[in-house]
Amino acid sequence: MTTTANSKTIIMGVSDAILTKAPRFFGSPKSILTELFQNAYRAGAENILITWDPATRILEFKDDGRGCDPEDLVVVGDSSWDESSPAIDPAGIGVFSILRPEYCEQVTYRSKDWEMTISPKNLESAQTEAVYIEENIVGMTITIRLTPKADFAKEHFVQQARGRYPMNVTWQEIPKEGVTVKSEEILDVAHWTTLKIEDVGKLEVGKRTSFSSTQHFAVWQHAVINSSALRDALLNASQKHSSLANRIFQQINCVLDIDPASGIRPKLPDRDDVIEDAHMDAAAEKIVTNVMEYLLKPLHPELWPDRVNGYSYPRLESDLEPVSKVLFTDVPEEAVIRKVVGGGWGLQTEVLTHFGYKLICWDELTSYSYSTVQDDGMTIEIEWDCLRHYVRNTPVMVLGNEVLAQSLCSQGVYAEVNTQERKNKPDKVRVTGKVHKPNSMVAFAKKVTVNGTPVKWLLNNDYDFRKKGPLVITSLSPVEFYKSVKAGDPDSNLWVSMAVWLLYREGETYEYAELGEAEYVLHTSEIAEGLCQDALAVGAPELLGTAQTKGAYENALRNLHQAARFINEAKNIFGRIEQLEEQYDVSANVQRLAKSINSLTNKMGKTVKGMSEKLDTFANNSPDLIS
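Sequential numbering of the sequence shown, starting at 14, is according to the working numbering.
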């Protein structure tokens with residue numbers, strides 16, 4: 014491509030059609046009220062009276078400012094405010110916000126010695142007339158005849174539009190008496206603090222009643238703006254700063270009274286937000302830095318223990334201090350960080366993470382509950398209580414799977430799962446001298462280590478319900494294991510709970526559950542009995558038959574007790590019949606049957622007791638060695 018030295022100057026211009034389009038620059042009817050307040054402020058007004066007559070649909074806005082000449086109102090882009098005006102960066106287009114034909118039929122301006130009426134039709138001809146009058150009007154009176162569609166002539170809309178202008182504002186809806194309209198309290202739930210940030214402005218921090226927790230407000234020349242630009246800039250800056258900062262700025266509300274030196278400016282013409290640019294981004298970074306330094310300064314992480322309970326109000330007993338107590342060690346009651354953290358879900362533990370703590374969480378095996386859920390069919394739902402420990406300066410083993418991590422954490426060895434880190438470095442599980450019988454739930458070993466660390470037991474990560482391999486591998490002797498299973502209630506026994514945890518993970522809990530009329534019953538006692546029999550099979554095989562017989566008798570006894578209850582109910586029913594025909598009288602048979610069941614129950618109970626004593630002798634006298 015070639016160029017020549019020939020050129021010409023192009024003159025920029027504005028089409029005459031801009032006048033008819035100017036009212037559409039303003040997005041909402043509420044901007045009419047906003048512009049009226051801004052013009053009064055720029056005129057130096059101290060008092061404003063707003064009257065609304067619903068009968069005539071006349072809205073009148075009267076201020077005591079300096080007023081202006083008619084020419085000053087009708088030139089697009091020329092604000093005509095002199096140097097004494099407090100306005101910064103006026104746009105000179107606000108008068109056209111009123112002339113939306115769907116909201117305004119006509120507007121009349123009166124100031125000094127003139128008045129002028131404009132309607133949307135005047136925009137097409139680009140002409141209007143000013144009439145000089147004999148009065149000397151103080152300030153400016155603006156009279157607007159609204160269309161039936163205009164619904165913004167209400168006190169709460171006036172309050173929103175008045176912002177924080179340093180003026181006395183009175184609202185009167187005829188025929189009611191006038192009321193003073195005060196500035197809306199933006200942080201109406203709590204105003205915690207105000208920070209002065211150099212070359213940015215004054216920042217108020219607190220909480221506001223809102224459906225959105227991330228609302229932030231900008232104040233430009235006393236006009237309040239619910240600013241999505243400020244919100245986005247703060248969230249972006251907080252994300253760059255830290256995860257904690259990002260969470261905090263999602264929980265708090267801020268009001269920034271903008272210092273013009275910041276370079277932040279509102280969007281023109283309707284000023285419904287501030288401009289998203291480098292000035293806004295730089296200010297947001299300063300805000301986040303200042304707020305985080307202010308909030309975190311009262312904290313004393315050097316006094317915190319290296320292990321903290323992640324729950325503020327732990328349901329399970331623990332020897333660790335709860336996070337709610339740890340965080341505020343030696344922190345004054347009036348410190349804002351207390352209020353911020355107290356009002357934001359999850360912020361307490363996020364503070365711990367910010368100061369180098371790592372979260373280790375696992376299921377508390379002995380604390381769970383199960384229920385029956387009916388969806389496409391009856392299913393068992395089991396929920397374990399979760400333990401959450403935050404640790405620093407504490408060894409944490411990195412593992413490649415959840416089953417190993419659950420096993421180690423449950424016996425006091427902190428572990429976390431990171432499959433990516435362990436991808437090329439598989440976990441080293443060493444089991445020495447493993448002994449178990451076919452189809453048993455537990456295997457015994459001389460020694461068990463995970464990545465070189467000795468442990469007392471492991472859930473079997475290679476468990477396959479189809480092969481019926483062991484659920485648990487332990488370095489305890491059969492006798493120790495037998496005693497441990499027998500020591501507690503099956504519903505809260507560690508070994509039973511481990512079996513339930515892994516069976517549920519594999520979808521095999523139904524083997525030990527029975528579906529009643531409305532829900533499943535999980536027979537943990539059967540699991541406990543099976544574990545004890547597995548211990549006997551290795552440690553005392555000569556007693557295995559006794560244990561199996563005892564288990565069968567105990568199951569039979571449960572059924573007999575249930576049968577006895579039904580037979581006794583039948584006996585009572587027959588006993589209430591006064592005269593029963595002989596051919597239908599079976600009460601004697603029922604009584605004999607009830608007596609027989611009771612006799613059999615007592616006999617079997619004594620037998621079970623004798624077998625239990627025999628097995629207890631094994632547990633008390635046997636050496637703690639694998640046979």
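Each residue gets a CB set at the ideal place from its N, CA and C atoms; glycine is no exception. Just so it is clear, the structure is predicted and the values come from calculations on it, not from any experiment.
Length of the line joining the Cα atoms of residue i and residue j
{"i": "Met391", "j": "Tyr381", "result": "19 Å"}
{"i": "Arg260", "j": "Asp245", "result": "14 Å"}
{"i": "Thr620", "j": "His449", "result": "29 Å"}
{"i": "Lys239", "j": "Leu333", "result": "A quick correction: the sequence has Asn, not Lys, at residue 239. Roughly 44 Å separates the two Cα atoms."}
{"i": "His536", "j": "Glu434", "result": "40 Å"}
{"i": "Asn473", "j": "Asp319", "result": "31 Å"}
{"i": "Asn581", "j": "Ile373", "result": "55 Å"}
{"i": "Lys609", "j": "Asn585", "result": "Here the sequence assigns Ser to residue 609, which means Lys is not the residue at that position. Spanning the two alpha carbons is a distance of roughly 17 Å."}
{"i": "Leu573", "j": "Thr614", "result": "7 Å"}
{"i": "Thr64", "j": "Leu360", "result": "48 Å"}
{"i": "Ser497", "j": "Trp508", "result": "8 Å"}
{"i": "Ser20", "j": "Leu281", "result": "34 Å"}
{"i": "Ser625", "j": "Cys545", "result": "12 Å"}
{"i": "Gly623", "j": "Val364", "result": "60 Å"}
{"i": "Tyr122", "j": "Lys189", "result": "25 Å"}
{"i": "Tyr495", "j": "Arg401", "result": "30 Å"}
{"i": "Thr432", "j": "Val202", "result": "45 Å"}
{"i": "Gly152", "j": "Lys75", "result": "7 Å"}
{"i": "Ser331", "j": "His169", "result": "53 Å"}
{"i": "Phe262", "j": "Ala297", "result": "11 Å"}
{"i": "Val194", "j": "Lys134", "result": "34 Å"}
{"i": "Val171", "j": "Gln51", "result": "13 Å"}
{"i": "Lys447", "j": "Ile486", "result": "8 Å"}
{"i": "Ile187", "j": "Val232", "result": "32 Å"}
{"i": "Thr302", "j": "Glu115", "result": "46 Å"}
{"i": "Glu346", "j": "Ala242", "result": "34 Å"}
{"i": "Leu62", "j": "Gly78", "result": "12 Å"}
N- and C-terminal bounds of the alpha helix (DSSP H) containing residue i
{"i": "Gln119", "result": "Unbroken run through Gln119 is the beta strand (DSSP E), Cys117 to Ile131; no alpha helix (DSSP H)."}
{"i": "Val513", "result": "Leu507 to Arg518"}
{"i": "Lys352", "result": "Val349 to Gly356"}
{"i": "Tyr533", "result": "Unbroken run through Tyr533 is the beta strand (DSSP E), Tyr533 to Leu535; no alpha helix (DSSP H)."}
{"i": "Lys43", "result": "Lys43 to Arg55"}
{"i": "His313", "result": "Counting along the chain, His313 falls outside any alpha helix (DSSP H), and DSSP gives it neither H nor E."}
For residue i: DSSP bridge partner residues
{"i": "Leu72", "result": "Trp65 and Ile157"}
{"i": "Ser382", "result": "Glu396"}
{"i": "Gln419", "result": "Answer by DSSP bridge pairing: none, since Gln419 is not bridged."}
{"i": "Gln387", "result": "Met391"}
{"i": "Trp470", "result": "Thr487"}
{"i": "Asp376", "result": "Cys399"}
{"i": "Ile238", "result": "Ala231"}
{"i": "Val287", "result": "Pro279"}
{"i": "Lys220", "result": "Ala203"}
{"i": "Pro335", "result": "Asn322"}
{"i": "Asn60", "result": "Asn181"}
{"i": "Val144", "result": "Glu128"}
{"i": "Ile150", "result": "Lys125"}
{"i": "Val404", "result": "Arg320 and Lys371"}
Endpoints, beta strand (DSSP E) assigned at residue i
{"i": "Ile300", "result": "Taken as a continuous stretch (DSSP letters only), Ile300 belongs to no beta strand (DSSP E), being part of the alpha helix (DSSP H) at Ala291 to Leu309."}
{"i": "Arg320", "result": "Arg320 to Asn322"}
{"i": "Asp270", "result": "Asn266 to Ile271"}
{"i": "Val411", "result": "Met410 to Leu412"}
{"i": "Leu528", "result": "Ala526 to Leu528"}
Nearest-angstrom beta carbon gap, residue j and residue i [assumed within contact, 8 Å]
{"i": "Val461", "j": "Leu471", "result": "6 Å"}
{"i": "Leu257", "j": "Leu216", "result": "Their Cβ separation, rounded to whole angstroms, is 18 Å, which puts Leu257 and Leu216 out of contact at 8 Å."}
{"i": "Ser44", "j": "Asp285", "result": "7 Å"}
{"i": "Val353", "j": "Val336", "result": "Incorrect: roughly 15 Å between the Cβ atoms, too far for contact."}
{"i": "Gly552", "j": "Val492", "result": "6 Å"}
{"i": "Leu208", "j": "Val218", "result": "7 Å"}
{"i": "Thr156", "j": "Glu73", "result": "5 Å"}
{"i": "Phe230", "j": "Ile199", "result": "6 Å"}
Min CB distance residue i to chain D below 8 Å
{"i": "Trp317", "result": "Considering every chain present, this structure includes no chain D. It has just one protein chain."}
**Report entry** Segments of 4+ residues assigned as alpha helix (DSSP H) that fall wholly inside the region 160 to 218
**Finding:** Along the region 160 to 218, the alpha helix (DSSP H) occurs as fully enclosed runs of 4 or more residues at 168 to 175, listed in sequence order.
Requested in this report: Identify every run of the beta strand (DSSP E) within the region 425 to 465, keeping only runs that are complete inside it and at least 3 residues long; order them along the chain.
Outcome: Correct list: 428 to 430, 442 to 445, 455 to 457 and 460 to 463.
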